[in-house]
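Visitor: Dropping the structure in here first, questions after.
Protein chains: 2
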Amino acid sequence: MLRLYDFHESGNGYKVRLLLHHLGVRYERIEMDILQGATRTPEFLAVNPNGRIPVLVLEDGTRLMESNAILFYLAEGSAYLPDSTIARAQVLQWMFFEQYSHEPNIAVLRFWAFAGLLEANRALVPEKRARGESALAVMDAHLADREFLVGDAYGIADIALFAYTHVADEGGFDLDRTPAVAAWVERVRAQPGHIPITRIE
Amino acid sequence: MLRLYDFHESGNGYKVRLLLHHLGVRYERIEMDILQGATRTPEFLAVNPNGRIPVLVLEDGTRLMESNAILFYLAEGSAYLPDSTIARAQVLQWMFFEQYSHEPNIAVLRFWAFAGLLEANRALVPEKRARGESALAVMDAHLADREFLVGDAYGIADIALFAYTHVADEGGFDLDRTPAVAAWVERVRAQPGHIPITRIE
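From first to last, the protein sequence lines stand for chains F and U. Positions 3 to 203 (my numbering) are the ones given, in order, by the first sequence. Positions 3 to 203 (my numbering) are the ones given, in order, by the second sequence.
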C-alpha cells in the first residue's frame with residue numbers, strides 16, 4: 003500500500019489526498035505535526051533530507067518528494083493529466099508558477115496566521131501580500147475565458163493551484179477581487195470525488 | 003523558428019539555452035534587460051502576464067513560461083529526459099526542489115550581489131544564506147554516491163540545478179564545503195555540447 007507522510011493543515015499534502023481520492027487509491031497516512039518539529043527529527047530527515055511533507059512512499063520503498071511531482075506521478079495514465087507534450091508542459095508551467103509565485107506568498111501568509119507568526123514576520127508581510135495578489139491576478143486574467151487552467155478539463159494543474167487558493171482568505175486575501183478565480187474555485191469544488199482540505203482518512 | 007525571451011545573466015534563461023545547444027536547435031533570442039525593467043512593460047506583460055523570463059514562443063505562437071516546464075517540453079523524446087514514469091517524477095522532484103528550496107536563496111543572493119541590492123536586503127540575507135546552504139547540503143548527500151541527479155545519465159534535472167549551483171560563489175556560497183556537488187559540477191561541464199552561462203547566440 004502507498005504511504006503518505008502528511009500534515010492535515012497542509013495544502014501541499016491536501017493536493018495529494020485530493021488526487022488519491024479522485025483516483026480511488028487507498029493509502030496509509032502518517033501525520034507529521036510540523037508545528038511541533040516532526041519534520042526536523044533525524045528519523046524524518048532520513049525519509050526526506052529536505053525536511054518537508056508530503057512524501058509518498060511507493061510499494062517498493064521508493065520515496066517521492068515535492069507535492070507537484072507526486073501529482074504528476076499519480077496522474078499518469080488518468081484523465082487528470084493530458085496526453086500531449088505541449089499540454090503536459092502547460093500543466094507543469096502552472097505547477098511551477100504555483101511553487102514559485104503563489105505558494106511562497108499565499109500559503110506562507112496563511113501559515114503565519116494560524117501559527118501566530120504574523121507579528122514576528124511583519125516586515126515581510128507587505129511584499130508577500132503584494133506578490134500573492136499579483137499571482138491571483140495572473141490566474142484571474144487566465145481564467146476569465148476558461149473553465150480550467152489547461153485545455154478544457156479539470157486536472158492536476160487545477161488541483162495544485164486550488165489547494166492554497168481556496169483557503170487564501172485564511173491568509174487575508176479576498177477572492178471577491180478576482181471573480182474568475184472565485185468562479186473556478188466553485189467549479190473545482192463541484193468535481194466528482196471532491197473532498198475538502200479538512201478531510202483526512 | 004523558436005523564439006526565446008531571455009536575459010543573458012539569468013540562470014533560468016541559461017537552462018533553456020544550454021538544452022537548446024545540446025539538442026542542436028536553432029532559435030531567435032530576444033534580450034530583455036530585467037535590471038532596466040524590460041519585463042514590466044505593457045508589451046512584455048502581454049507576452050507573459052507574470053512578468054518573467056524565460057518565455058519560449060513556439061512556431062505556432064504558443065507561449066510557454068517557467069524555465070523547468072520549458073526544459074521538460076524541449077527534452078521530450080531526447081536522451082535528456084528518461085522514459086519511465088517514476089524517473090520522470092524524480093526529474094520533476096529535483097526541478098521543484100530547485101524552484102522552491104534552491105533558486106529563491108542561491109539565485110537571489112547572486113542577483114542581489116550583482117544588482118547592488120545586498121545592503122538594501124541585509125535583513126533577509128542570513129536566512130537566504132542558511133537555506134541556500136541547506137539546499138546545497140541536500141544535493142551533496144544525494145550526489146555522494148551518484149554521478150547525476152536521476153538514474154545514471156545526465157539530463158534536465160542536472161541542467162536545472164547546474165544553472166545557479168555553478169555560479170553560487172557569485173552569491174557568496176563556497177562549493178568547497180560540498181565536494182560531491184563540486185565534482186558533479188565538473189561532470190556537467192564535461193558533457194558533450196556544454197556551453198558556459200556567458201555564451202549567447
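In this text, a Cβ means the ideal position worked out from N, Cα and C, and glycines have one as well.
With which residues is Glu45 (chain F) paired in a DSSP beta bridge?
Guide: Glu45 (chain F) pairs with nothing; no bridge assigned.
Visitor: If I follow the unbroken beta strand (DSSP E) through Glu30 (chain U), where does it start and stop?
Guide: From DSSP, the beta strand (DSSP E) with Glu30 (chain U) extends over 29-33.
Visitor: I need the boundaries of the alpha helix (DSSP H) containing Arg5 (chain U), first residue and last residue.
Guide: Unbroken run through Arg5 (chain U) is the beta strand (DSSP E), 4-8; no alpha helix (DSSP H).
Visitor: Out of F:Val49, F:Asp154, F:Ile88, F:Phe98, point me to the one whose CA is closest to Thr64 (chain F)'s CA.
Guide: The shortest C-alpha separation from Thr64 (chain F) is found at F:Val49.
Visitor: Applying a beta-carbon distance threshold of less than 9 Å, which residues of chain F neighbour Glu78 (chain U)?
Guide: Those within 9 Å of Glu78 (chain U) in chain F are Thr87, Arg90, Ala91.
Visitor: For Arg65 (chain U), name the three-state secondary structure that DSSP assigns.
Guide: If DSSP states are grouped into helix, strand and coil, Arg65 (chain U) belongs with the strands.
Visitor: Candidates F:Asp147, F:Leu138, F:Pro194: which alpha carbon is nearest His168 (chain F)'s?
Guide: The residue with the shortest Cα to Cα distance from His168 (chain F) is F:Leu138.
Visitor: Can you tell me which residues form a DSSP beta bridge with Gly59 (chain U)?
Guide: Position check: residue 59 (chain U) holds Val in this sequence, whereas Gly was assumed. Per DSSP, U:Arg5, U:Arg65.
Visitor: List, in chain order, every chain F residue whose beta-carbon is nearer than 7 Å to that of Gln95 (chain U).
Guide: By Cβ distance, chain F contributes Leu66, Met67, Glu68, Ala71.
Visitor: Rounded to the nearest angstrom, what separates Ser80 (chain U) and Gly134 (chain U) at their Cα positions?
Guide: Going from the Cα of Ser80 (chain U) to the Cα of Gly134 (chain U) covers about 31 Å.
Visitor: Would you kindly work out how many angstroms separate the C-alpha atoms of Leu37 (chain F) and Glu45 (chain F), rounded to a whole number?
Guide: Cα to Cα, the separation comes out at about 16 Å.
Visitor: Taking Pro51 (chain F) as the query, report the chain U residues whose CB atoms sit under 9 Å from its CB, ordered along the chain.
Guide: Result: Ala139, Val140, Ala143, His144.
Visitor: Smallest Cα separation from Ala155 (chain U): which of U:Thr200, U:Met34, U:Asp8, U:Trp186?
Guide: Cα-wise, what sits closest to Ala155 (chain U) is U:Trp186.
Visitor: Does the distance from the CB of Leu163 (chain F) to the CB of Leu151 (chain F) come in under 8 Å?
Guide: Result yes, Cβ atoms of Leu163 (chain F) and Leu151 (chain F) sit closer than 8 Å.
Visitor: Start and end of the alpha helix (DSSP H) containing Pro128 (chain F)?
Guide: From DSSP, the alpha helix (DSSP H) with Pro128 (chain F) extends over 127-145.
Visitor: Which chain U residues are close to Ala125 (chain F), counting only those with a beta carbon under 8 Å from its beta carbon?
Guide: Within 8 Å Cβ-Cβ: Ala125.
Visitor: Return no unless some Cβ of chain U is closer than 8 Å to the Cβ of Tyr29 (chain F).
Guide: False, the Cβ-Cβ gap to chain U never drops below 8 Å.
Visitor: Buried or exposed, going by whether 16 or more other CB atoms sit within 10 Å of the CB of Asp8 (chain U)?
Guide: By the neighbour-count rule (16 or more Cβ atoms within 10 Å), Asp8 (chain U) is buried.
Visitor: Find the nearest neighbour of Val110 (chain F) within the set F:Glu68, F:His10, F:Ile202, F:Gly174, judged by alpha-carbon distance.
Guide: With distances taken between Cα atoms, Val110 (chain F) lies closest to F:Gly174.
Visitor: At the 8 Å Cβ level, is Ser103 (chain F) part of the contact set with chain U, yes or no?
Guide: Yes, because at least one Cβ of chain U sits closer than 8 Å to the Cβ of Ser103 (chain F).
Visitor: What do you get for Pro84 (chain F), buried or exposed, if any count of 16 or more other CB atoms within 10 angstroms of its CB means buried?
Guide: The residue is buried, with at least 16 neighbouring Cβ atoms inside 10 Å.
Visitor: Between which two residues does the alpha helix (DSSP H) harbouring Gln95 (chain U) extend?
Guide: Looking at the DSSP string, the run of the alpha helix (DSSP H) that includes Gln95 (chain U) is 87-99.
Visitor: Mind checking Ala146 (chain F): buried by the 16 CB within 10 Å criterion, or exposed?
Guide: Under this definition Ala146 (chain F) is an exposed residue.
Visitor: Is the region 9-26 of chain U close to the region 66-78 of chain U, with three or more CB pairs under 8 Å?
Guide: Yes: the two stretches touch, three or more of their Cβ pairs being nearer than 8 Å.
Visitor: In three-state DSSP terms, what is Ala162 (chain F)?
Guide: It is helical.
Visitor: Going by DSSP, what residue range makes up the alpha helix (DSSP H) through Tyr16 (chain F)?
Guide: Here the alpha helix (DSSP H) through Tyr16 (chain F) covers 13-25.
Visitor: Closer than 8 Å by beta-carbon distance: list the chain U residues that pair up with Phe74 (chain F), in chain order.
Guide: Those within 8 Å of Phe74 (chain F) in chain U are Arg90, Ala91, Leu94.
Visitor: At what residues does the alpha helix (DSSP H) containing Ala2 (chain F) begin and finish?
Guide: The requested residue 2 (chain F) is not part of the displayed model; chain F covers only 3 to 203.
Visitor: Any Cβ of chain F within less than 8 Å of the Cβ of Pro181 (chain U)?
Guide: Answer no: the Cβ-Cβ gap between Pro181 (chain U) and chain F never drops below 8 Å.
Visitor: With a threshold of 8 Å between beta carbons, is Pro44 (chain U) in contact with chain F?
Guide: No, its Cβ sits nowhere closer than 8 Å to a Cβ of chain F.
Visitor: Using a cut-off of 9 Å between C-beta atoms, extract the partners of Phe113 (chain U) located in chain F.
Guide: Neighbours of Phe113 (chain U) on chain F: none; closest Cβ ~14 Å, over 9 Å.
Visitor: Are the Cβ atoms of Leu22 (chain F) and Leu60 (chain F) separated by less than 8 Å?
Guide: Contact flag unset, no.
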